[in-house]
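Written out below as C-alpha cells is the structure these notes cover.
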Ligand code: GLU
C-alpha cells in the first residue's frame, strides 16, 4: 500500500467546532496507525465567510485538543501552500483544462434564470435544479456571449445516464443515478473555485489516499468521483463518519448545543477526556471498553469498528468520562497545578481584580461574588429568570434575539453585549434597565447583582456566554421551530413587540 495520507480540511468560517476535532481525531488516529501522514489544509475559498482569525482559532483549538499534523499552513510541507486562497491559479488551470477537453463548460445563466429554473424544478419535484441549458452551446455562441462581456461560471458535465457507484469504507456500496447529480459549478464568475473543485484538485495534488470526513459530505462524493474521472485521476478511498447528534436527533449545531472547543476548555474539561469521548462517538473498542488512551486506540485501530449511524453527544457521559480521566491520569499532587493552569492563574485573576476591588467588604466575599466564572451550573429556576410581566415563552424570545444580535454584531465582548442589549430592548419595546438587565444578570451570572456585567462577560468569554443563553432558553421550555421562524421574521424587521403581548383573557 502507498503511504497513507489523510487530511482535515476545515473552512475558517466560525468558532472551532467539536465536529472538526472529531473528524481531525479520526484522521490522525488513522494516519498514526498506518504510520502515514496527517495534513491540515485550510479551505478558505468562500471569500465572504472565511476569516483569517478563524484559521488562527481553529489551529489553537486543535492544538489544545492535543492534535498534531505533519503538514499544514503553520508547519509547511512538500505539497504546499496548504491554504486554498493561495492556490487560486491552480484551480483555474484545471477548470479551463476541463473545458478544453470537453468535461466542463461555460454557463452564462443569470441569477434570474437560475431562480426560475429552481422554481420549475421544485414544482416538478426534481432533484436537479439547473436544467443544463448552456451545456451544448456552439463555439460561435460562446464566443459571441464572451465578446458581449457576459459573465459565466464553469460547470462540470455530469453524465446524463447511468450510475455512480463507489464503495464507502464504512457504509458499503453507494449507488447514485447520475441524473440526480447537478452539473456542479466548479469555477465561479469571479474566478474563485467552489469547494468541490478545490477540494478534489488538492486531495489529488496532495496525494491524499483516504478521505475521512463527516456524513454530511456523502452527497457531494458522486460529484467528486465524476471530477476525478474527468481529470483522469484515481479517486481516494472514502470513509464517511457518523454525525454527532444533538438531543433532538439532528446534527449537533451551535444553535442548540455547546459546540465550540473553547467552551469545553473554558468549562474545565480535560482535552484527553474530550478526545476519548469523541472517539466513543464514532467507534467501539473491542470488549466495549470506554476509557482508553489515544495510544491504545491508535495501536488497535480498525476502521470496521467505526459506527454507521449518528451518535448522541451526551454531556453527562462526557462528565462521567472527564471524572474518570481526572482520577486516572492526574495524580493528587498534580491536580492543583492543572486547575491553576485552567483558570486559577495570575493572568485570569489580574483581569478579575478590577471588577471586584470596590465590591468586597472582606476577602471572604470574593468567592460568592465571582463563583459564576468557575462553576457550570448556575442553579437557576424558570421563575427567577422570567422577565417580570412577561411569560417564560416570551422571555425565551428575548434571549434568542440577544444571541442573534451578538452574532450579527460579531462582538461578544462587553461593549458588544451592551449594544445588543439596547437593540433587543428596543425591538421588543421593553425596558432596558428593568427587563433586560436583570435577565442578563441572572441568566449569565446567576445573580441579581455582582461585578459590572459587561466587563464580567468579556472575561467570561463568548463561548460560555452563548451556552448560558442557550441553557436559560432550555430552562424556560425552549423555542419551537414554528416560533423560531416567526421570531426570525420579526427580528429581521427589528420589531418583535407583537410576539410578547400577554395572552388575551376573555
Ligand atoms: N471544507 C470542508 C469542511 O468544511 C471539507 C469537507 C471535506 O473533508 O471534504 O468541512
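Numbering (my numbering), first residue to last: 653 to 1158.
Think of the CB as a built atom: it goes at the ideal place given N, C-alpha and C, for glycine as much as any other residue.
A quick note: this is a predicted structure, and the numbers were derived from the prediction, not measured.
From the options, residue whose alpha carbon lies closest to that of residue i
i	options	result
residue 923	877, 910, 970, 804	970
residue 1125	706, 1053, 736	1053
residue 1041	1154, 726, 748	1154
residue 654	843, 757, 889, 829	889
residue 706	728, 668, 742	668
residue 769	819, 834, 798	834
residue 781	765, 791, 790, 793	765
residue 724	714, 871, 735	735
residue 698	1139, 722, 846	846
residue 849	855, 838, 663, 954	838
residue 908	1118, 1143, 960, 1150	1118
residue 1055	1103, 1086, 1139	1139
residue 743	709, 1051, 806	806
residue 1150	1050, 788, 695, 762	1050
residue 978	961, 955, 960, 943	943
residue 904	670, 661, 1143	670
residue 801	762, 819, 824	762
residue 1063	1031, 1086, 1109, 1095	1109
residue 696	740, 797, 871, 750	740
Residues near residue i by beta carbon distance below 8 angstroms, same chain, minus five either side
i	result
residue 893	674, 675, 678, 822, 864, 865, 866, 867, 934, 958
residue 718	923, 924, 927, 946
residue 1089	1073, 1105
residue 955	682, 821, 822, 891
residue 841	803, 804, 805
residue 1101	1093
Whole-angstrom distance between residue j and residue i, CA atom to CA atom
i	j	result
residue 1115	residue 950	31 angstroms
residue 966	residue 897	9 angstroms
residue 1136	residue 687	48 angstroms
residue 684	residue 886	23 angstroms
residue 1033	residue 919	21 angstroms
residue 858	residue 1080	53 angstroms
residue 732	residue 878	25 angstroms
residue 1029	residue 1039	20 angstroms
residue 843	residue 784	20 angstroms
residue 1077	residue 693	43 angstroms
residue 634	residue 1113	What is shown of the chain runs 653 to 1158, which leaves residue 634 out entirely.
residue 817	residue 855	20 angstroms
residue 786	residue 760	7 angstroms
residue 1009	residue 1022	12 angstroms
residue 1093	residue 1084	12 angstroms
residue 998	residue 1026	15 angstroms
residue 690	residue 851	16 angstroms
residue 1005	residue 1019	12 angstroms
residue 986	residue 980	12 angstroms
residue 1103	residue 1091	15 angstroms
residue 710	residue 794	43 angstroms
Those residues which DSSP pairs with residue i across a bridge
i	result
residue 689	657
residue 672	None, per the DSSP bridge assignment.
residue 829	815
residue 1030	The partner list for residue 1030 (beta bridge, DSSP) is empty, contrary to what the question assumes.
residue 890	863
residue 723	691
residue 808	756
residue 1069	None; residue 1069 has no bridge partner.
residue 735	694
residue 896	963
residue 913	BP columns for residue 913 are empty, so no partner.
residue 903	897
residue 958	935
residue 780	Paired residue(s): none; residue 780 is not in a bridge.
residue 839	806, 845
Any non-hydrogen atom of the ligand ADP within 8 angstroms of residue i CB
i	result
residue 721	The ligand ADP is not part of this structure, which contains only the ligand GLU.
Cβ shell of residue i (< 7 angstroms), same chain only, five flanking positions each side left out
i	result
residue 990	982
residue 1107	1007, 1066
residue 1068	1058, 1061
residue 812	830, 831
residue 994	920
residue 860	657, 658, 659, 888
residue 1071	1061
residue 941	none
residue 963	894, 896, 897, 933, 934
Sequence-distant residues of its chain with Cβ nearer than 6 angstroms to residue i (five each side left out)
i	result
residue 701	665
residue 1111	1003
residue 814	830
residue 1128	1034, 1044, 1047, 1048
residue 773	781
residue 836	808, 848, 875
residue 931	949
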